[in-house]
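Comments concern the structure below.
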Amino acid sequence: MFILKLSLFSFILLFNNPLFAVGAENLLRAEQAFKVSAKLLTPEQLELKWDISEDYYLYRDKIVVSSKTPGVEIGTLDLPVGKNKHDDNFGDMVIYRNTVSVKVPVKHTGNITTFKLQVQHQGCADVGVCYPPQKNLFDLNLPAAKPNAQLNPLQALTNGLPPASIQNDLLPAEQAFQFFASIKDAHTLHVNWIIAEGYYLYREKIQLTLKETQGVTLETVEIPHGKPQHDEAFGNVEIFYHELDFDLPLSRTSQAPLTLNLQASFQGCAERGVCYPPMQQTIPINLPAALNNVASTITPPATTPLSEQDQIIQALHKDSLMLTLLSFFGFGLLLAFTPCIFPMIPILSGIIVGKNREVTTLTAFLLSLSYVLASAVAYTVFGVLAALFGNNLQATFQQPWIIALFSAIFVLLALSMFGFYHLELPKAFQVRLHNSSEKFRNHSYWGAAIMGVLSSLIVGPCVAAPLAGALIFIGQTGDALLGGSALFMMGLGMGVPLLALGASAGKLLPKAGRWLNITKAVFGVLMLAVAVWMLERIVPASVSMLLWAMLLIIPAIYLRALDNLPESSSNWSRLWKGLGLIMLIYGVILLVGLSAGNTNPLKPLQNLNINKPAQTSTTLVFKRIRSNAELDRVIQQASANKQIVMLDFYADWCISCKEMDAYTFSDPNVQQRLNNMVLVQANVTDATDDDFALLKRFNLIGPPATLFFGLDQTEQAAYRVIGFKDAAQFLAGIKTL
């Protein structure tokens, strides 16, 4: 009965969660739900405008505007009246829907021409999902304090103009037609005019040129079409009211930073019948360094193949729902046999063994099902959150203090299986700890479910192509329902071996008595192995190797590896002693290797040779980069040297990353293939803002990932490697690189 309730609870949690409830309505990203723009109306006033999507609302009191440029001050905001709403988190609030415009007073000194404006806001979706506070930065240009010297005097057109009293009411040209130019990217400028109310600009009179500039030219400019009008002076023309903006594509022959002088010629009129003379305005622009346009030496196949994750994203877009769910169930089944999932086996086994009482097949299976369902639901919810809000929660849970805490929990659980609590802990604390651990371990379906949730976060699967593809699909489309369903099916697929363990445990596990105590001790050792495995992420390699040696040697002594066996000993006793001897010998080998300077538990004696001098390490040497700026510098330098760049994403808590180091990057054939490349590595262990910025730049959820950049300084996406690949698979994937 409990498991039926748990199953219903899991599906209700999954599909009635606000994120999934809005999945069919496409929960939007914050920048899509609350589109904010800023434009300067006059030198002393700017306008902020929010376009708020349907079924979303913005908090009035959460709007904060500030200047990030010294010498520019923001005055008191004139916020319009909104609608009252009672919010469970903030109480009675005023909100905005649809569209809201705010006039913002600006004070500045006369010599400032540009300033940086920060706009902060916060809003929610009607389904109950609230976004974190959002910050937007705008670069705004202030008009020159005086009219451009190149402008013809207005008095040149006095003939035929209205009387002077009317002319005195006209705005100066630089206020009637405010011209701005900014940098969109290294190959594109963006220009815009803010046209005062009651004035208009002629499309045919707009000309843009670069003056006294070498190494860059303007490409063909397509000016948007305006409103058709018949003009007595110019005939049939097109005019613009209020605002005009468009991009200017650049053609560069130099990739060095440049200073441009953009000259704009334009002409406009006031609706009262007064036309201004042709105007010119020149704006200096500091253009950043450009990417090299030299053709890459990479020759992709005639039909560029998609990377694994791109194929999965494409399948999510095109395949039927049933095929997609079955495919992801299969992906999960394959991921179940990766090293990242193995630690879940002793955890679940320890839960099943539980107390000193018989474990029926049904009880073991229901415990396993509780564990798997909770793990799959948690895995799905956290995955969707990571995709929608750009934060890998599993990476967040790899903080050293969290790893240390959960390692300690597994050590305590192991000690409880050994029956050591009364030997090590005070009586009062022992009782409380024992009662607490019982809730998470012994025949409690809810306890198994809680351990499933924690395991999905702390032990968690590695990032592989199916996982990366599903999360990128959710992030790109906002379809949390389809993407989340795929993740849930993948979580169930990963749990199939665990369910099989539960179904067989009633028959395979021993009954109460001596053999049950032995089995509990075995699983206690396995839980200690999980603790060491987790600590490997945060402690030096030499310390983790010492812990592995201790974990082998001490249990070997308990298995009587050093004791003499009487001749009448049973076959089981001899078997246990044999296993103990193997563990003891390998533990000693680990200590010998550690003393020789080795830190790989799988190859403890690799550089130990009595007859030959120690060989140099065969590990690839990476240059560490910590930010997007450092990466760009490396790519530009490599391009100048006609070299390809390989970027490897790594983390100490990533098991597949260590597999790549141990089995792929150490392979001589792989090293030979990468010999002429520039090898850089982004270590995202600490999960800093720069780490997340690097991951976000390439739409990555987490490591491991290997990317390649050609001589054109762009990523060769067809050769992207996600997850672990052995040497043969890795070489096959970059064969044509």
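The sequence shown begins at -3 in this note's numbering and counts up by one. Don't be surprised by glycine CBs; every beta carbon is placed ideally from N, CA and C.
Tell whether a beta-carbon distance below 8 Å holds between L138 and S63. As a first step, residue 138 must be located in the sequence shown, where it is residue number 142. As a first step, residue 63 must be located in the sequence shown, where it is residue number 67. No, the pair does not count as a contact, with Cβ atoms beyond the cut-off.
Could you tell me the distance, in whole angstroms, from the CA atom of V717 to the CA atom of C650? Residue numbering aside, residue 717 sits at position 721 when the sequence shown is read from its first letter. Residue numbering aside, residue 650 sits at position 654 when the sequence shown is read from its first letter. Going by the C-alpha atoms only, they are around 15 Å apart.
Consult DSSP for G78 and reduce its assignment to one of helix, strand or coil. Position 82 of the sequence shown, counted from the first residue, corresponds to residue 78. Here G78 sits in coil by DSSP.
If you draw a straight line from the alpha carbon of V123 to that of K207, how long is it in whole angstroms? As a working note, residue 123 is residue 127 in the sequence shown. As a working note, residue 207 is residue 211 in the sequence shown. Those two C-alpha atoms are separated by around 54 Å.
Report, in whole angstroms, the separation of the C-beta atoms of L54 and Y92, which I expect to be a contact under 8 Å. The residue given as residue 54 occupies position 58 in the sequence shown. The residue given as residue 92 occupies position 96 in the sequence shown. Contact between L54 and Y92 is confirmed by a C-beta separation of about 5 Å, below the 8 Å threshold.
Any idea what DSSP makes of T95, helix, strand or coil? Counting from 1 along the sequence shown, the entry for residue 95 is found at position 99. T95 falls in the strand class under three-state DSSP.
Who are S261's beta bridge partners in DSSP? Numbered from 1 along the sequence shown, position 265 holds the residue referred to as residue 261. S261 is bridged to Q203, Q276.
Per DSSP, which residues does P43 bridge with? Please list them. Taking the first residue of the sequence shown as 1, we reach residue 43 at position 47. Looking at the sequence shown, residue 43 is not Pro but Glu. Under DSSP, E43 shares a beta bridge with K35, K99.
Which class does C653 belong to by DSSP, given the choice of helix, strand or coil? In the sequence shown, counting from the first residue as 1, residue 653 sits at position 657. In the three-state DSSP reduction, C653 falls in the helix class (H, G or I).
Beta-carbon proximity of I279 to L258, cut-off 8 Å: In the sequence shown, residue 279 corresponds to position 283, counting from 1. In the sequence shown, residue 258 corresponds to position 262, counting from 1. The criterion of a C-beta distance shorter than 8 Å is satisfied by I279 and L258.
Determine the burial state of Q633: buried for a count of at least 16 other Cβ atoms within 10 Å of its Cβ, exposed for fewer. As a working mapping, residue 633 is identified with position 637 in the sequence shown. Of the other Cβ atoms in all chains shown, fewer than 16 fall within 10 Å of the Cβ of Q633; this residue is therefore exposed.
Excluding the five sequence neighbours on either side, which residues of its own chain have a C-beta within less than 7 Å of the C-beta of P493, listed in chain order? The sequence position of residue 493 within the sequence shown is 497, counting from 1. Excluding positions up to five away in sequence, the list reads A332.
How about E215 and S247: do their beta carbons lie closer than 8 Å? For the purposes of this step, residue 215 is identified with residue 219 of the sequence shown, where counting begins at 1. For the purposes of this step, residue 247 is identified with residue 251 of the sequence shown, where counting begins at 1. In this structure, E215 places its C-beta atom within 8 Å of the C-beta atom of S247.
Identity of the residue in S49, A34, T109, K58 nearest P66 by Cα: Start at 1 with the first residue of the sequence shown, and residue 66 comes out as number 70. Residue T109 is the option with its Cα nearest to P66.
Per DSSP, the bridge partner or partners of Y195: Here residue 195 is taken as the residue at index 199 of the sequence shown, counted from 1. According to DSSP, which records beta bridges pairwise, Y195 is partnered with A266.
Considering Cα atoms alone, identify which of G71, V96, L365, R622 is closest to G489. As a working note, residue 489 is residue 493 in the sequence shown. Here the closest residue by C-alpha is L365.
Are the beta-carbon atoms of M541 and P597 separated by less than 8 Å? Taking the sequence shown and counting its residues from 1, the one referred to as residue 541 is at position 545. Taking the sequence shown and counting its residues from 1, the one referred to as residue 597 is at position 601. In this structure, M541 lies near P597, with their beta-carbon atoms less than 8 Å apart.
V125 versus V100, D47, A26, residue with shortest Cα-Cα distance: Counted from its first residue, the sequence shown places residue 125 at position 129. Ranking V100, D47, A26 by Cα distance to V125 puts A26 first.
Test item: CB-CB of Y367 and M447 under 8 Å: For the purposes of this step, residue 367 is taken as residue 371 along the sequence shown, with counting starting at 1. For the purposes of this step, residue 447 is taken as residue 451 along the sequence shown, with counting starting at 1. Judged by their CB atoms, Y367 and M447 are nearer to each other than the 8 Å cut-off.
What would DSSP say about S564, mapped onto helix, strand or coil? For the purposes of this step, residue 564 is taken as the residue at position 568 of the sequence shown. Coil, per DSSP.
Distance, L586 Cα to R738 Cα: Shown here, the chain extends from -3 to 733; a query on residue 738 therefore has no answer.
For A34 and L197, the rounded distance between their alpha carbons: Reading the sequence shown from its first residue, position 201 is the one you call residue 197. Reading the sequence shown from its first residue, position 38 is the one you call residue 34. Between L197 and A34, the C-alpha separation is close to 21 Å.
What did DSSP end up calling Y52 once you bin it into helix, strand or coil? What you label residue 52 is simply residue 56 of the sequence shown in a count that begins at 1. If DSSP states are grouped into helix, strand and coil, Y52 belongs with the strands.
Where does A689 land, buried or exposed, given buried means 16+ other C-beta within 10 angstroms? Residue mapping note: residue 689 aligns to position 693 of the sequence shown, counting from 1. Burial state of A689 is exposed, judged by a 10 Å Cβ sphere holding fewer than 16 other Cβ atoms.
So, helix, strand or coil for T300, using DSSP? Counting from 1 along the sequence shown, the entry for residue 300 is found at position 304. The predicted position of T300 is uncertain, since its pLDDT is 44 and thus under 50; a value taken from the coordinates is nonetheless stated next. Of the three classes helix, strand and coil, the one that applies to T300 here is coil, per DSSP.
Compare the Cα-Cα distances from V674 to each of F705, V233, D687 and report the closest residue. Locating residue 674 in the sequence shown gives position 678, where the first residue counts as 1. Minimum Cα distance to V674 is reached at F705.
With a threshold of 16 other CB atoms inside 10 Å of the CB of R56, please say whether the residue is buried or exposed. On the sequence shown, position 60 is the one that residue 56 refers to. Answer is buried; the Cβ neighbour count reaches 16.
For F325, collect the residues of the same chain with a Cβ closer than 8 Å to its Cβ; drop the 5 residues on either side in sequence, then sort them by chain order. Counting from one through the sequence shown, the residue named residue 325 turns up at place 329. The answer, listed in chain order, is M485, M486, L488, G489.
beta-carbon H221 near the ligand MN non-hydrogen atom, thresh 7 Å: Among the components of this structure there are no ligands whatsoever, and the ligand MN is therefore not found.
Spatial neighbours of L561 within its chain, please: C-beta separation below 8 Å, excluding the five flanking residues on both sides. Working through the sequence shown from its first residue, we reach residue 561 at position 565. If you ignore the 5 residues before and after L561, its C-beta comes within less than 8 Å of the C-beta of S569, R570, K573, all in its own chain and listed in chain order.
Taking the alpha helix (DSSP H) that S540 belongs to, which residues open and close that run? The residue you call residue 540 lines up with position 544 of the sequence shown. S540: member of the alpha helix (DSSP H) spanning 537 to 554, first to last residue.
With burial defined as no fewer than 16 other Cβ atoms inside 10 Å of the residue's Cβ, what is the status of V535: buried or exposed? Here residue 535 refers to the residue found at position 539 when the sequence shown is read from its first residue. Of the other Cβ atoms in all chains shown, 16 or more fall within 10 Å of the Cβ of V535; this residue is therefore buried.
What is the rounded straight-line gap between the Cα of D657 and the Cα of T702? Indexing the sequence shown from 1 puts residue 657 at position 661. Indexing the sequence shown from 1 puts residue 702 at position 706. When rounded, the distance between both Cα atoms is 12 Å.
Cβ pair L643, A678 closer than 8 Å: To locate residue 643, count along the sequence shown from 1; it is residue 647. To locate residue 678, count along the sequence shown from 1; it is residue 682. The answer is yes: Cβ separation under 8 Å.
Sub-8 Å separation of H183 and D241 beta-carbons: For this step, residue 183 is matched to residue 187 along the sequence shown. For this step, residue 241 is matched to residue 245 along the sequence shown. For H183 and D241, no; Cβs fall outside 8 Å.
Does D722 come out as helix, strand or coil in the three-state DSSP assignment? Here the question's residue 722 lines up with position 726 in the sequence shown. Under the three-state reduction of DSSP, D722 is assigned to coil, being neither helix nor strand.
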